[in-house]
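Asks: The numbering of the sequence shown is our numbering, which starts it at 2 and goes up by one.
Beta carbons: idealized from backbone N, C-alpha and C, even for Gly.
Values in this document were obtained by computation on a predicted structure and should not be read as measured data.
Mind having a look at this structure? Questions to follow.
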Amino acid sequence: IQSCGRPELSAMATDLPHRWGDAELNELQCDPLAAAARATADSLSTASAAEGWAFDLVSAHSLELEGEYWIVPGSEQVPRSAPRGGRIVRCPMTGDIVLDASSGGVGQCETISSGWRSNAELLLAEGWALPDLESDWAALDVDLLEAAAGRVLGRPGSPLTLAPPLREGQREVLQGLDRLGYLQPADGLGSSAVLSGGYCEDSLGRRVQALAVGPAELEQFGVSGCVINIGEAVSLSSDHERRVGEVLATACDLLLAEFATSLEQD
């Protein structure tokens, strides 16, 4: 790649975040993303200009197949509708490199796609992001969820109040879910992510359900009953399901409010 002087490759320059200055990285308003970009820049600090260009080209415009890198010019222009788990394969009929989206191997073949990836991944590796990317996500920590639950269950006009016994009951439900293995550690995308459209990972959903439990559910089912029903995806009540949605929506609003700019400005 370093020795290749083809004009179409030379024109494929990509402005990747590890080439940005501190002022630009600060505009990301995302410390982990900026730290990852700086770490990549540090790892390339001893590379020659040609090596650095080759790294950027492979990172932004290549796919791996059969042990080799395949350059995909203008990869940001191709469709991105492939399901998570799709594989890059060579079509046995045409010899073309395609993304196999079927579950049983070669079969339903789709166009090459970036697949199910977050905007953070795509920005670091390929230099672009999409406002409506379906795999975009944000992590909601327990403190944020508790604050959201307080607003929903303790707001004026609500029949529920976050009295100490209720808060203690909710925490006992959380502890029970954790003790029985229904929760994964809240450490990022793996267990505390909410995705575009309001979809969330199972552990996050169970945390929200625990924090939306009210006096009626605790009285009817007890802590143990709430733990088992939530863990096994059995509805506690229609009112509880409504509160779950309100807590999740409120948590997202609280998270967005922490940023200096709005979604429209971004």
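1) Which stretch, first to last residue, makes up the alpha helix (DSSP H) that contains residue 224?
2) Check residue 124 in the structure and name its three-state DSSP category.
3) Restricting to Cα atoms, I'd like to know which of 233, 150 and 139 is closest to residue 183.
4) Report yes or no: do the segment 194-212 and the segment 138-146 share at least 3 C-beta pairs separated by less than 8 Å?
5) Measuring CA to CA, which of 166, 50 and 52 is closest to residue 217?
6) Put residue 139 into one of helix, strand or coil per three-state DSSP.
7) If you draw a straight line from the alpha carbon of residue 214 to that of residue 260, how long is it in whole angstroms?
8) Using CA coordinates, which residue listed in 242, 127, 241 and 21 is at the minimum distance from residue 35?
9) Would the segment 140-153 count as touching the segment 243-251 if we require 3 or more Cβ pairs under 8 Å?
10) Looking at the unbroken alpha helix (DSSP H) that takes in residue 26, where does it start and where does it end?
11) Between which two residues does the beta strand (DSSP E) harbouring residue 195 extend?
12) Apply the 10 Å Cβ neighbour rule to residue 230 and answer buried if 16 or more other Cβ atoms are within range, or exposed otherwise.
13) DSSP three-state call for residue 201: helix, strand or coil?
14) Can you tell me which of the three DSSP states residue 235 falls into?
15) Comparing C-alpha positions only, which one of 61, 45 and 224 sits nearest to residue 173?
16) Can you tell me the Cβ-Cβ gap for residue 32 and residue 128, rounded? I've got them flagged as a contact below 8 Å.
17) Please classify residue 18: is it buried, with 16 or more other beta-carbons within 10 angstroms of its beta-carbon, or exposed?
18) Do residue 126 and residue 60 count as a contact pair if the criterion is CB distance below 8 Å?
19) For the alpha helix (DSSP H) containing residue 165, name the first residue and the last one.
20) What is the rounded straight-line gap between the Cα of residue 236 and the Cα of residue 28?
21) Could you pull out every residue in the same chain whose Cβ sits closer than 7 Å to the Cβ of residue 42, ignoring the five residues on either side in sequence?
22) Residue 256 and residue 208: beta carbons closer than 8 Å?
23) Among 50, 146 and 46, which residue has its Cα nearest to the Cα of residue 206?
24) On the criterion of 16 or more Cβ atoms from any shown chain inside 10 Å, does residue 4 qualify as buried, or is it exposed?
25) Leaving out five residues before and five after residue 108 in sequence, what residues of the same chain have Cβ atoms less than 6 Å from its Cβ?
26) How would you label residue 266, buried or exposed, when you count the other beta carbons within 10 angstroms and need 16 or more for buried?
27) Counting C-beta neighbours from all protein chains within 10 Å, is the total for residue 57 16 or more, i.e. buried, or is it exposed?
Replies: On the basis of the supplied data:
1) Taken as a continuous stretch (DSSP letters only), the alpha helix (DSSP H) holding residue 224 covers 216-232.
2) Secondary structure at residue 124: helix, using DSSP grouped into helix, strand and coil.
3) If we check each option's Cα against that of residue 183, 233 comes out closest.
4) Verdict: yes, contact present.
5) For residue 217, the nearest C-alpha among the options comes from 166.
6) DSSP places residue 139 within a strand segment (E or B) once states are collapsed to three.
7) Cα to Cα, the separation comes out at about 29 Å.
8) Its Cα nearest to that of residue 35, the residue 21 stands out among 242, 127, 241 and 21.
9) Yes: at least three Cβ pairs fall under 8 Å.
10) Its alpha helix (DSSP H) spans residues 23-27.
11) From DSSP, the beta strand (DSSP E) with residue 195 extends over 194-196.
12) Flag for residue 230 reads buried.
13) Reduced to three states, the DSSP call for residue 201 is strand.
14) Coil, per DSSP.
15) Out of 61, 45 and 224, 224 has the C-alpha closest to the C-alpha of residue 173.
16) With a Cβ gap of about 20 Å, residue 32 and residue 128 do not count as contacting.
17) Buried.
18) A contact, by the Cβ cut-off of 8 Å.
19) Counting along the chain, the alpha helix (DSSP H) containing residue 165 begins and ends at 165-180.
20) For residue 236 and residue 28, the distance between alpha carbons rounds to 43 Å.
21) Same-chain partners within the cutoff: 19.
22) Taking 8 Å as the Cβ cut-off, residue 256 and residue 208 do not qualify as a contacting pair.
23) Minimum Cα distance to residue 206 is reached at 146.
24) Any reading at residue 4 needs caution, since the residue's pLDDT is 45, under 50, leaving its predicted position unreliable; the model's value is listed next. Exposed, because fewer than 16 other Cβ atoms sit within 10 Å of the Cβ of residue 4.
25) Residue confidence for residue 108 is low, a pLDDT of 38 falling below 50, so the modelled location carries little weight and cannot support an answer.
26) In this structure residue 266 is exposed. Its beta-carbon is surrounded by fewer than 16 other beta-carbon atoms within 10 angstroms.
27) It is buried - the Cβ of residue 57 has at least 16 other Cβ atoms within 10 Å.
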